[in-house]
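Going down the list, the protein sequences come from chains A and B.
Each residue of the first sequence is one higher than the one before, starting from 23 at the first, in the working numbering.
Each residue of the second sequence is one higher than the one before, starting from 1450 at the first, in the working numbering.
The structure appears right after this line, and notes come after that.
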Amino acid sequence: MSISGAGVSSRMAEIAGDANVASDPAQIAAYQIDGKSPMTVVRPGSSEEVVEIVKFAEREKLAIVPTAGRTKLGIGMPPRQYDVALDMTRMDRIVAYDPGDLTLSVETGIPLHKFASALAEHRQFLPLAVPFMNRATAGGTIASGVDSPLRQMYGTARDFVLGMEFVTGDGIAAKSGGRVVKNVTGYDIHKMMIGALGTLGVITRINFRTFPLPRATRTCIATFRDPASAFRLRDAIAKSVLRPQSVEILAATGGTTAELGRRAAVSFDHNAWSVVVSFAGDEQVLDRDRRELEALTRGADRSALESFTELRAEPAENASRHIANLPGAILERFPAAAIFKISALPTDLAALASGMQAIEIPWLVVMRGLGVTYLALLPPDRSDGSLRLMTRECARLFSLSGKAPWGRAVLLWCPPELKTEINVWGAPFGDFPLMQKLKNVFDPSGILSPGRFIGGL
Amino acid sequence: MDSRLLHDLTKLLGPRGVLHQPEDLMLYEYDGSVELARPDCVVFPRATADVVEIVRLANRHQVPLVGRGTGTGLSGGAIARHGGIIVSFARMKSILEIDSENQRAIVQPGVVNADLSVAVEHLGLHFAPDPSSQKACTIGGNVSENSGGPHTLAYGVTTNHVVSLEIVLPSGELTRLGSAALDPPGYDLTGLFVGSEGTFGLVTEITVKLTRNPEAVKTLLAVFDSVDDATETVAEITARGITPAACEMLDGWTIRAVEDYVHAGFPLDCAAILLIEVDGLREVAEAEAREVADVCELHHAREVRVAKDARERDLLWKGRKNAFGAAGRLAPSYYTQDGVIPRTKLPAMLRRIGEISKKYGLQIGNVFHAGDGNLHPIILFDERNAQQFRDTIRAGDEIIEFCIQMGGSITGEHGVGMEKDRLMPLLFSEADLALMRRVRDVFNPEGLLNPGKILPTSKGCGEIYVRPRPAAAAPSA
Chain A
23 MSISGAGVSS RMAEIAGDAN VASDPAQIAA YQIDGKSPMT VVRPGSSEEV
73 VEIVKFAERE KLAIVPTAGR TKLGIGMPPR QYDVALDMTR MDRIVAYDPG
123 DLTLSVETGI PLHKFASALA EHRQFLPLAV PFMNRATAGG TIASGVDSPL
173 RQMYGTARDF VLGMEFVTGD GIAAKSGGRV VKNVTGYDIH KMMIGALGTL
223 GVITRINFRT FPLPRATRTC IATFRDPASA FRLRDAIAKS VLRPQSVEIL
273 AATGGTTAEL GRRAAVSFDH NAWSVVVSFA GDEQVLDRDR RELEALTRGA
323 DRSALESFTE LRAEPAENAS RHIANLPGAI LERFPAAAIF KISALPTDLA
373 ALASGMQAIE IPWLVVMRGL GVTYLALLPP DRSDGSLRLM TRECARLFSL
423 SGKAPWGRAV LLWCPPELKT EINVWGAPFG DFPLMQKLKN VFDPSGILSP
473 GRFIGGL
Chain B
1450 MDSRLLHDLT KLLGPRGVLH QPEDLMLYEY DGSVELARPD CVVFPRATAD
1500 VVEIVRLANR HQVPLVGRGT GTGLSGGAIA RHGGIIVSFA RMKSILEIDS
1550 ENQRAIVQPG VVNADLSVAV EHLGLHFAPD PSSQKACTIG GNVSENSGGP
1600 HTLAYGVTTN HVVSLEIVLP SGELTRLGSA ALDPPGYDLT GLFVGSEGTF
1650 GLVTEITVKL TRNPEAVKTL LAVFDSVDDA TETVAEITAR GITPAACEML
1700 DGWTIRAVED YVHAGFPLDC AAILLIEVDG LREVAEAEAR EVADVCELHH
1750 AREVRVAKDA RERDLLWKGR KNAFGAAGRL APSYYTQDGV IPRTKLPAML
1800 RRIGEISKKY GLQIGNVFHA GDGNLHPIIL FDERNAQQFR DTIRAGDEII
1850 EFCIQMGGSI TGEHGVGMEK DRLMPLLFSE ADLALMRRVR DVFNPEGLLN
1900 PGKILPTSKG CGEIYVRPRP AAAAPSA
């Protein structure tokens, strides 16, 4: 980079308009990533403007980080270089919504709640119950690849994103996929954009498949005194005829997590393992769901069962919302928390649970029925001693990552101080050389979120 | 073909592992499409190590490689367009592992789709993608083409059920993409690879998800005197928030062709039928079946029949899945198109197909996956009549052009292959295609793997079609 800050701002203003460029410290502070501030914030209003901004940045070797709701800037490693925050919030339109075709096309910066209400008018929805729901945007949710408890029934973005438009690191507007629910035309490049943390392109438009909104939901919670019983119930549900929309196993070391537990309608007392199962359908079906689940619960392990409760309507929805937002709630309550996402198989969960007994810091765990696990370490404070202990524990947990029966771990959120000691992505695997080559195709000058992703991509 | 290469391949695989006589190669010059091209030889690896060695040899001699399962594809994906070696996975057909606890299976690419579901039936599981050719097609082929089928409306296509792949790159390097566990960190290379139509690598191992069988299944047959009534029924089922496991439509002409062949009990004098399946918990299936029946009647269905038992259900499905075979009996050849439209545009699409049929004087039957707007017009022709063959291709193109005008796509499940590469510019800009080309080059820099597929060559639209093969009742999705 050779151009001055003022030079960058004035060119950005030419492209996006004066009102959409900011460079004073107060405004820029809100775009910090791990303590690093950009030189300029620019808010493009169209894909064409994104193209111009990216072309200019490439010419001047300026590093760009796309963002919108700014709820997930803490994910990944700090960028190697950070000059321009590309704030996508002006691109917030619903481009097309065809309820009869179950398709929705949105601009990237649209808040999730904004189109949720448009879909609800037609009794449809997108199964993206993700953390920071009230502020998160479509683009950020997709680019960060966060998942949702509802994946048990609906899968992840990988399963219902139909196509995308994006701008590559050399300023080319391109697309893949389409706007119909079934399509095998060309390479599925958009699949790679999901969870790529903005390192392959700036997503400008996303086409989704929508789903009918369930007529009613119900949540059942079985609480056990040991993890083995909870896993037995998970297994029994998986082998049953039940089709829950979510299955979550929750536990924590108690004490300071009690409030988080209450909001999610579960007990976080020490040794309490709760299986939270939510169902969707009409009342008659929900009655059957509840009956079957209760039978499975009592069959799983009567002696270890502490309670079986059922929530309906508003309380059920509240609990589901809180469970989906747990990473967000944890970070609010414990700003120094470290949250691992572990890519595990259901049969790995027992080993994970026993490994957690050795952790010397209070923890909270959310295990999805499909295996994906969120493990939060909750230090009591941000003191040097706490951070040292956290670093040690995280390094120890990483040493297990990728080895059977553990899944691969990623440190999704943690205090920036830890990132000087630990690479939050762990070590890359055998397919990494292909990822590097693909990164070079999409971002030949390495200006898109450089260094934030796995292996320094 | 270089005699040294042939010698090395024979040394590696044994004389029974290599075919190179013209009369043998003839069997490998076509698939389920109307395309045709002869390979120089066909090899039959027994293990991943063989595949690695074949790829290295081909690479050394700079000879193209084309992977092939059982050749049921419908877009020429498994045809050696520019000659070279066809790698048949017919001998790599083992189910390597069934992990019922985690609902995963690891299979070799030559495993036949339906065989996997049969192998896990006792566990109450199945492999969800179900192309109509599922009794013949292989999972390796499904991965390459990202195959669909009637039940993909509710259960998704192949990509939704594949979590990890072992692949051999054209350099001969063996790599694993993805993992059995969900959400491995890094770019979703598995998602990128599925549907790459054999242009990225040869697949040697596939890890798939297995799906729990539903407690109950209800299959309904609804008979309509007007096509519009049938399409409006589909729209209202969606509007009511019901996602059937399958929702298929056959038009009157196709019904009569099928009935004459399969005797599925379809009425001969109707304009359209819908074959709708709902599943799930008993209560769900029953309630949805009732509501679907109500919607059908509301839209003037002449008759709504619910299959009483598995036998009746199988018969209805046999009628649907043999629609293409039935059409094949009525003309020397037929061409199955595969377009996609937003489902609400079905009535306009059907009218347009009617016009095209009239314009060229060609009989066109219509079979739709109505629930997801994926249509399979069957165009009958006689390949001895050169003009008719050209008209058939033109009629197919016009149907596809209308799909694009309606906001749809040029292929829903058959793939682009060598059938539709020249149509890609109708949907994608030069920039889109250039990026796809660069992505392909990451995997396949020298273009040795399945050359002449998916991406249009610079020749563009003027390409001359190879002559059609003789008629055969090729299965279709």
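From the three backbone atoms N, C-alpha and C, an ideal C-beta is built for every residue, glycine too.
Since we're looking at a predicted model, the values are computed, not measured.
Chain A beta carbons: is any one of them nearer than 8 Å to that of V1789(B)? yes
Output, in chain order, the set of chain B residues within a Cβ distance shorter than 8 Å of R145(A). G1690
How would you label L1626(B), buried or exposed, when you count the other beta carbons within 10 angstroms and need 16 or more for buried? buried
List the residues of chain A that E1594(B) touches, going by C-beta distances under 8 Å, in chain order. V206
Between the stretch 1684–1697 of chain B and the stretch 1775–1789 of chain B, do at least 3 Cβ pairs fall closer than 8 Å? no
Between Q458(A), I444(A), P249(A) and I352(A), which lies nearest to D370(A) when the distance is taken from Cα to Cα? P249(A)
Same chain only: Cβ atoms within 7 Å of Y1914(B), ignoring 5 sequence neighbours per side: Unreliable placement is indicated for Y1914(B), whose pLDDT of 39 sits below 50; the coordinate value is still reported in the next sentence. Only I1842 meet the Cβ criterion.
Neighbourhood of P466(A) by C-beta, 6 Å cutoff - its chain only, sequence neighbours within 5 removed: D192
Member of K1869(B), P1488(B), L1565(B) and G1559(B) whose CA lies at the smallest distance from the CA of R1553(B): Out of K1869(B), P1488(B), L1565(B) and G1559(B), the CA that lies nearest to the CA of R1553(B) is found in L1565(B).
Per DSSP, the bridge partner or partners of G1518(B): Per DSSP, G1518(B) has no beta-bridge partner at all.
Is the Cβ-Cβ distance between S268(A) and S296(A) less than 8 Å? no
Determine the contact status of E1521(B) and A1585(B), defining contact as a CB-CB distance below 8 Å. Position check: residue 1521(B) holds Thr in this sequence, whereas Glu was assumed. Contact flag set, yes.
Three-state class that DSSP yields for R102(A) in the structure shown: coil
Range of the contiguous alpha helix (DSSP H) that encloses E1879(B): E1879 to F1892
Among the candidates T1653(B), F1715(B), R1517(B) and T1624(B), whose CA atom is the shortest distance from the CA of I1544(B)? T1653(B)
Buried or exposed: Q1786(B), going by 16 or more other Cβ atoms within 10 Å of its Cβ? buried
Using DSSP bridges, identify the partner residues of F1830(B). S1782(B)
Which ranges does the alpha helix (DSSP H) cover as unbroken runs of at least 4 residues, wholly within the stretch 203–262 of chain A, from first to last along the chain? 211–215 and 249–261
Chain D residues whose Cβ lies nearer than 9 Å to that of G217(A): Among the protein chains in the structure shown, which are A and B, there is no chain D.
Determine whether the Cβ of V387(A) lies closer than 8 Å to any Cβ atom of chain B. No - not a single Cβ of chain B is within 8 Å of the one on V387(A).
Start and end residues, alpha helix (DSSP H) containing G1814(B): It is not in any alpha helix (DSSP H) - G1814(B) instead sits in the beta strand (DSSP E) that spans I1813 to H1818.
Interface residues of the stretch 304–333 of chain A facing chain B [CB-CB below 9 Å]: The residues in question are D304, Q306, V307, D309, R310, D311 and E314.
Kindly say whether R115(A), judged by its beta-carbon, lies nearer than 8 Å to any beta-carbon of chain B. no
Report yes if the C-beta distance between A258(A) and A326(A) is below 8 Å; otherwise report no. Using a Cβ distance threshold of 8 Å, A258(A) and A326(A) do not count as a contacting pair.
Chain A beta carbons: is any one of them nearer than 8 Å to that of L1876(B)? yes
What first and last residue would you give for the beta strand (DSSP E) that runs through K1667(B)? A1665 to F1673
If you reduce the DSSP assignment to three classes, tell me which class V1915(B) lands in. Unreliable placement is indicated for V1915(B), whose pLDDT of 39 sits below 50; no coordinate value is reported for it.
Cβ closer than 7 Å: which chain A residues qualify as neighbours of G1644(B)? V206 and D210
Could you round the C-beta distance between G1644(B) and N1595(B) to whole angstroms and report it? I think they count as a contact, below 8 Å. 3 Å
Using DSSP with H/G/I as helix, E/B as strand and the rest coil, what is H1575(B)? strand
Secondary structure at Y53(A), three-state DSSP: helix, strand or coil? helix
Who are Q146(A)'s beta bridge partners in DSSP? Q146(A) pairs with P234(A).
For a contact defined as C-beta to C-beta under 9 Å, what are the partners of I25(A) on chain B? Neighbours of I25(A) across chain B, judged by C-beta separation under 9 Å, do not exist; the nearest C-beta is about 27 Å away.
So within the stretch 1584–1648 of chain B, which uninterrupted beta strand (DSSP E) runs reach at least 3 residues, ignoring any that extend past its ends? 1611–1617 and 1623–1627
Using the beta-carbon of each residue, which ones in chain B are nearer than 8 Å to K213(A)? T1608, D1637, G1640 and L1641
In the structure shown, what three-state DSSP assignment does K1908(B) receive? Note that K1908(B) scores a pLDDT of 48, beneath 50, so its modelled location is shaky; the value from the coordinates is reported in the next line. Coil, per DSSP.
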